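Student:
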Amino acid sequence: MRMAAVLGLVLAGLTGGHASAGEEGDAQRVFARVSSSVVTIKTVDEQGKAAAQGSGVVVGAGLVATNCHVIEDASGIRVLAGSHELAGRWLRRNAPADLCLLAVAGLTAAPVPLRQVDGQAVGEAVFAVGNPLGFGLAVSAGLLASVRLELPQPFLVATAPQSPGSSGGGLFDRDGRLVGITRAVLGTGQNFNMILPAAQVARILVGGDEPPPAPALPAPERAWMTEAEALIAARKWAELEPHARAWMAARPRSAHAAFLHASSLVELQRPSEAEPSLLRALELDRDHAQAWELLASVQYRRGARDEAEKSMQEAARRQPFSAWAPLLRSSWLYEEGRLAEAETYAKEAIRRNPGSVSPWRQLGLIEDRLGKRDDALKAFATALRLGDPDSTARRRLAELYAETGRPDEARRVARDAAISRNDSEKTQLALGFAELNRGRLRPAEEAMRRAVELAPESADAWTGLGAVLMKLTRVAEAEKAFDQAVRLAPGQANHLANRSMVRLELKRVQRALDDALKAIELDPKSVGGWRQAALAYLAAGKPREAGMAFQKLEGLSSVTPDERVSWAESLLGTGNPDQALAMVRQAEAADPKLLRMCLTTAKILGAKGDVEGALRYELRAIEIDPVNVLAWSGKGFALMRLGRLPEALEALETAVRLDPEQVNAWVNLGEAQLRSRNLGRAIQALEKAISLKPSAMDARIHLAQAYLGARLFQKARTQVESVLETQPNLAPALGLLTMSYLAEGNGAAAAAAFQRFRQTAPEAARALRAQALGSGLPAARSLPE
Numbered sequence: 078m079r080m081a082a083v084l085g086l087v088l089a090g091l092t093g094g095h096a097s098a099g100e101e102g103d104a105q106r107v108f109a110r111v112s113s114s115v116v117t118i119k120t121v122d123e124q125g126k127a128a129a130q131g132s133g134v135v136v137g138a139g140l141v142a143t144n145c146h147v148i149e150d151a152s153g154i155r156v157l158a159g160s161h162e163l164a165g166r167w168l169r170r171n172a173p174a175d176l177c178l179l180a181v182a183g184l185t186a187a188p189v190p191l192r193q194v195d196g197q198a199v200g201e202a203v204f205a206v207g208n209p210l211g212f213g214l215a216v217s218a219g220l221l222a223s224v225r226l227e228l229p230q231p232f233l234v235a236t237a238p239q240s241p242g243s244s245g246g247g248l249f250d251r252d253g254r255l256v257g258i259t260r261a262v263l264g265t266g267q268n269f270n271m272i273l274p275a276a277q278v279a280r281i282l283v284g285g286d287e288p289p290p291a292p293a294l295p296a297p298e299r300a301w302m303t304e305a306e307a308l309i310a311a312r313k314w315a316e317l318e319p320h321a322r323a324w325m326a327a328r329p330r331s332a333h334a335a336f337l338h339a340s341s342l343v344e345l346q347r348p349s350e351a352e353p354s355l356l357r358a359l360e361l362d363r364d365h366a367q368a369w370e371l372l373a374s375v376q377y378r379r380g381a382r383d384e385a386e387k388s389m390q391e392a393a394r395r396q397p398f399s400a401w402a403p404l405l406r407s408s409w410l411y412e413e414g415r416l417a418e419a420e421t422y423a424k425e426a427i428r429r430n431p432g433s434v435s436p437w438r439q440l441g442l443i444e445d446r447l448g449k450r451d452d453a454l455k456a457f458a459t460a461l462r463l464g465d466p467d468s469t470a471r472r473r474l475a476e477l478y479a480e481t482g483r484p485d486e487a488r489r490v491a492r493d494a495a496i497s498r499n500d501s502e503k504t505q506l507a508l509g510f511a512e513l514n515r516g517r518l519r520p521a522e523e524a525m526r527r528a529v530e531l532a533p534e535s536a537d538a539w540t541g542l543g544a545v546l547m548k549l550t551r552v553a554e555a556e557k558a559f560d561q562a563v564r565l566a567p568g569q570a571n572h573l574a575n576r577s578m579v580r581l582e583l584k585r586v587q588r589a590l591d592d593a594l595k596a597i598e599l600d601p602k603s604v605g606g607w608r609q610a611a612l613a614y615l616a617a618g619k620p621r622e623a624g625m626a627f628q629k630l631e632g633l634s635s636v637t638p639d640e641r642v643s644w645a646e647s648l649l650g651t652g653n654p655d656q657a658l659a660m661v662r663q664a665e666a667a668d669p670k671l672l673r674m675c676l677t678t679a680k681i682l683g684a685k686g687d688v689e690g691a692l693r694y695e696l697r698a699i700e701i702d703p704v705n706v707l708a709w710s711g712k713g714f715a716l717m718r719l720g721r722l723p724e725a726l727e728a729l730e731t732a733v734r735l736d737p738e739q740v741n742a743w744v745n746l747g748e749a750q751l752r753s754r755n756l757g758r759a760i761q762a763l764e765k766a767i768s769l770k771p772s773a774m775d776a777r778i779h780l781a782q783a784y785l786g787a788r789l790f791q792k793a794r795t796q797v798e799s800v801l802e803t804q805p806n807l808a809p810a811l812g813l814l815t816m817s818y819l820a821e822g823n824g825a826a827a828a829a830a831f832q833r834f835r836q837t838a839p840e841a842a843r844a845l846r847a848q849a850l851g852s853g854l855p856a857a858r859s860l861p862e
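Using my numbering, the first residue of the sequence shown is number 78, and each one after it goes up by one.
This is the structure:
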């Protein structure tokens with residue numbers, strides 16, 4: 078916040094009026110009179126589990142009025158009146174007004190008197206009683222802000238603060254008469270809340286609609302996936318295609334149904350028909366790696382090489398351990414006759430997943446065309462031992478056996494459709510990676526642990542186990558697995574890059590950086606090493622080094638949109654917002670719905686002073702992820718900078734509800750409350766921020782302002798002095814210190830603090846002195862000119 082704004086808020090707080098204490102006494106009297114007639118309503122679902130909670134008001138003998146939305150989806154209703162919990166029965170409703178009436182057997186609480194509309198005036202004091210947030214009955218005071226009785230559904234507007242759980246509670250006048258029933262609010266501490274007039278309650282007591290009938294239970298869901306797996310295991314592609322099509326019709330939001338439909342079409346040699354289903358699958362789930370893989374293959378078949386390359390990169394980004402990307406590239410190079418390159422990629426696919434059939438078959442085809450008969454024979458034999466069903470490969474293996482003088486082996490291969498798998502480390506690795514690629518993580522872990530048991534000295538087995546544990550978010554265990562892989566194969570850069578990745582996830586930034594640099598030392602062209610080095614440098618607060626690493630990465634491999642966002646953050650950190658903006662624009666062109674791109678673009682535009690532009694990207698981020706706390710906090714901060722304080726408060730309150738541990742959101746909320754002159758709420762928010770992060774200096778500065786505005790001078794100085802311990806020449810802190818002494822009338826202490834302030838920021842000091850004198854603070858005369 079600028080110095081003028083800081084001083085303006087403080088002076089306004091010091092010279093402004095104070096709230097009347099009368100409302101507090103009225104609220105206590107009203108609460109004592111009506112609280113026994115306000116109840117808590119809890120609902121349960123079909124399994125008897127708690128579903129919702131709200132409030133209600135006793136309006137007749139054994140009758141309770143509440144909002145329909147509190148009870149309408151409930152399988153059971155419980156009414157808590159005092160120390161008693163009673164069963165409630167839905168009696169009548171006025172659905173358009175969201176007003177329902179419950180019959181409660183055994184309810185002895187006296188009904189409240191109803192206040193007629195006549196005589197209600199805007200500005201009249203009103204009092205809300207309900208159970209906000211489920212913490213127990215509470216009262217809040219406010220004013221009647223609006224009376225709208227001419228509408229089809231009349232309503233009142235009151236400023237008595239409400240919270241979730243208050244829905245269905247009562248709004249009362251000073252005499253304890255029911256003015257109306259409160260409706261649901263959008264968040265905690267709202268300033269304006271809709272109220273259903275008491276006249277509506279009077280009408281529902283004498284008549285209304287019947288409650289809706291209980292919904293019929295749906296029929297059991299068809300076991301689509303189980304049936305599909307059985308068809309896949311039997312390789313019944315002609316049956317899988319209509320099954321998947323029916324699945325898509327029944328579950329149009331199922332990405333996997335669309336993927337399996339496309340898979341069946343590819344297996345039926347109808348790839349052109351498969352592409353629409355693949356695009357549908359990716360529309361529903363952008364992270365469906367198998368759909369990206371199959372799409373790349375289909376696009377390549379129809380000659381769209383550039384599109385296929387992009388799809389393959391998307392798949393590799395989502396499945397960094399998958400063998401599919403190098404295998405697919407090998408097949409492309411094989412078709413183009415670039416056999417040496419195809420051989421390299423086939424071997425890389427085998428290294429990643431040595432138990433998979435396809436890479437071995439592919440290698441056999443390549444070695445055969447290169448004239449390496451022995452190597453081709455070994456590759457085909459391995460594929461067959463792993464259960465390769467391909468008849469062409471099996472026939473060629475029989476021919477190779479015959480050509481090398483092994484007729485018995487040739488006959489055996491020609492006779493047998495397949496060879497039973499041995500319980501080997503490679504087989505278990507194959508099973509583990511297959512389950513991992515299908516997202517079946519528990520079976521994948523079992524297979525990987527079996528591989529490690531069979532071959533405890535295999536670095537690949539430990540790497541496979543680490544990959545599964547990462548997917549299971551058991552990051553500490555994954556680190557131990559990658560530790561073993563590095564110990565067993567210390568000269569392989571990829572194992573170090575993997576361990577760097579997991580250590581960065583564990584916030585062990587320096588150790589992650591050490592691993593990445595070691596990987597680069599072993600292999601200067603290690604893509605994984607340079608990627609991890611860039612990310613680790615960024616996490617370590619070294620943006621210049623991160624940017625250099627990203628440059629090197631771009632020279633070795635295609636940089637993903639997400640990596641370009643990280644690169645942009647490094648450029649912003651080195652004071653190059655224009656270059657950072659150009660970088661995120663590239664990421665946006667590749668993936669306009671990338672959440673991190675939106676958040677980082679907003680940060681860059683905010684740094685460049687384009688607050689409106691920053692707000693647009695925060696709103697886009699919320700569209701992509703409606704529960705992203707950083708997007709809501711950024712939206713609130715931008716609205717606050719634009720002076721749209723009510724909207725800013727709403728956004729920031731949403732942010733702290735989404736993640737109560739998000740420090741930045743609390744700081745922004747505190748500043749917005751401070752600018753709105755809501756000192757009490759500003760203090761609560763900023764104290765919360767400091768409890769989460771004591772080193773948050775901006776929170777302490779704002780909290781000192783709020784304390785000064787509330788005339789809590791010593792508390793203000795405590796915050797300021799904490800800031801000055803680490804930043805002794807921070808001008809806003811010195812200005813606030815001076816103001817605390819001026820407001821307290823301590824001219825000598827104010828003059829001493831002012832001398833420090835003037836040495837640090839002479840122009841701001843002169844402005845403070847002029848404002849203090851203009852505000853009539855007596856001690857201001859002690860400040861030297």
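All C-beta atoms in this analysis are idealised placements derived from N, C-alpha and C, irrespective of residue type, glycine included.
Keep in mind it's a predicted model, so treat the numbers as computed, not measured.
So for E162, helix, strand or coil by DSSP?
Tutor: Of the three classes helix, strand and coil, the one that applies to E162 here is strand, per DSSP.
Student: Taking all protein chains shown into account, decide if R225 is buried (16 or more other Cβ within 10 angstroms of its Cβ) or exposed.
Tutor: Classification for R225: exposed.
Student: Spell out the partners DSSP gives N144 in its beta bridges.
Tutor: Note: N144 sits in a beta bridge opposite L176.
Student: In this structure, how does DSSP classify K119 when only helix, strand and coil are distinguished?
Tutor: Strand.
Student: Just list the residues that DSSP pairs G448 with in beta bridges.
Tutor: Partner(s): none; G448 has no beta bridge.
Student: How about G133 and T120: do their beta carbons lie closer than 7 Å?
Tutor: No, these two residues do not count as a Cβ contact at 7 Å.
Student: For a quick check, are the C-beta atoms of L583 and A558 less than 7 Å apart?
Tutor: Contact: no.
Student: Is N430 closer than 7 Å to A400 when the C-beta atoms are compared?
Tutor: Contact: yes.
Student: So, for G183: in the same chain, excluding its five sequence neighbours on each side, which residues have a beta-carbon less than 6 Å away from its beta-carbon?
Tutor: Excluding residues within five positions, the ones whose Cβ falls inside 6 Å are L163.
Student: Taking DSSP as the reference, what is the three-state secondary structure of Q230?
Tutor: The answer is coil: DSSP assigns Q230 none of H, G, I, E or B.
Student: Taking 6 Å as the limit between beta carbons, can you name the residues of its chain near G711, skipping five residues before and five after?
Tutor: Excluding positions up to five away in sequence, the list reads A679 and E695.
Student: Could you tell me the distance, in whole angstroms, from the CA atom of V206 to the CA atom of L361?
Tutor: Taking the straight line from one Cα to the other gives about 45 Å.
Student: Which runs of the alpha helix (DSSP H) fall wholly inside the segment 371-442 and span at least 4 residues, in chain order?
Tutor: Counting only runs of 4 or more, we get 382-395, 401-412 and 416-429.
Student: Round the Cβ separation of L573 and D592 to the nearest angstrom and send it over; I've been treating them as touching at under 8 Å.
Tutor: L573 to D592, Cβ: 5 Å. Contact.
Student: In chain order, what residues of the same chain lie with their CB nearer than 8 Å to the CB of R846, ignoring the 5 residues before and after it?
Tutor: Within the same chain, R846 has close Cβ partners F831, A857, L860 and E862.
Student: So, with DSSP's three-state summary, where would you put Q130?
Tutor: Q130: strand per DSSP, three-state reduction.
Student: Got a sec? Which residues, its chain only, sit under 6 Å from L854 by beta carbon, not counting five neighbours each side?
Tutor: The answer, listed in chain order, is L819.
Student: In three-state terms, what does DSSP make of L477?
Tutor: Helix.
Student: Which class does P274 belong to by DSSP, given the choice of helix, strand or coil?
Tutor: In the structure shown, P274 sits in a strand (DSSP, three-state: E or B).
Student: With distance defined between alpha-carbon atoms, name the residue in R471, L248, G125 and S152 nearest to R110.
Tutor: Taking only the C-alpha atoms, the option nearest R110 is L248.
Student: Between A611 and A626, how many whole angstroms is the CB-CB distance? I'm expecting something under 8 Å.
Tutor: Contact flag correct, Cβ pair sits at about 4 Å.
Student: On the premise that W301 lies in contact with A880, defined as a C-beta separation below 8 Å, what is that separation, rounded to the nearest angstrom?
Tutor: One cannot answer for residue 880 here, as it falls past the ends of the chain, which runs 78 to 862.
Student: Just mark D451 as buried or exposed, buried being the case when its beta carbon has 16 or more other beta carbons within 10 Å.
Tutor: Classification for D451: exposed.
Student: In angstroms, rounded to a whole number, what distance separates the CA positions of P353 and V490?
Tutor: P353 and V490: Cα-Cα distance of roughly 40 Å.
Student: Counting pairs of beta carbons, one from the segment 833-845 and one from the segment 803-812, are three or more of them closer than 8 Å?
Tutor: As far as the Cβ criterion goes, the segment 833-845 touches the segment 803-812, which means the pair count is three or higher.
Student: I believe A460 touches A453 by the beta-carbon criterion, under 8 Å. Please report the beta-carbon distance rounded to the nearest angstrom.
Tutor: Going by Cβ atoms, the distance from A460 to A453 rounds to 11 Å, so no, they are not a contact pair.
Student: Scan the segment 790-827 and note each continuous alpha helix (DSSP H) run of 4 residues or more that stays entirely inside, going in chain order.
Tutor: 790-803 and 808-821, all fully within the segment 790-827.
Student: What are the boundary residues of the beta strand (DSSP E) that includes S217?
Tutor: Run containing S217: A215 to R225, per the beta strand (DSSP E) assignment.
Student: In terms of residue numbering, what span does the beta strand (DSSP E) encompassing A566 cover?
Tutor: From DSSP, A566 is part of no beta strand (DSSP E); its letter is neither H nor E.
Student: Roughly how many angstroms lie between the CA atoms of A538 and Q439, to the nearest whole one?
Tutor: If you take the alpha carbons of A538 and Q439, they lie about 22 Å apart.
Student: Less than 7 Å between the C-beta atoms of A392 and E370, yes or no?
Tutor: Contact flag set, yes.
Student: If you measure between the beta carbons of V66 and L769, is that distance less than 7 Å?
Tutor: Nothing about residue 66 can be reported from this structure: the residues present for the chain run from 78 to 862 only.
Student: For D286, write down the residues that DSSP places opposite it in a beta bridge.
Tutor: According to DSSP, D286 bridges with R170.
Student: How long is the line joining the alpha carbons of R254 and V147, rounded to whole angstroms?
Tutor: Computed Cα separation, rounded: 23 Å.
Student: Under 6 Å Cβ to Cβ from R718, same chain only, skipping five residues before and after it: list those, please.
Tutor: So the qualifying residues of the chain are V688.
Student: State the beta-bridge partners of L854 as determined by DSSP.
Tutor: Beta-bridge pairing links L854 to no other residue.
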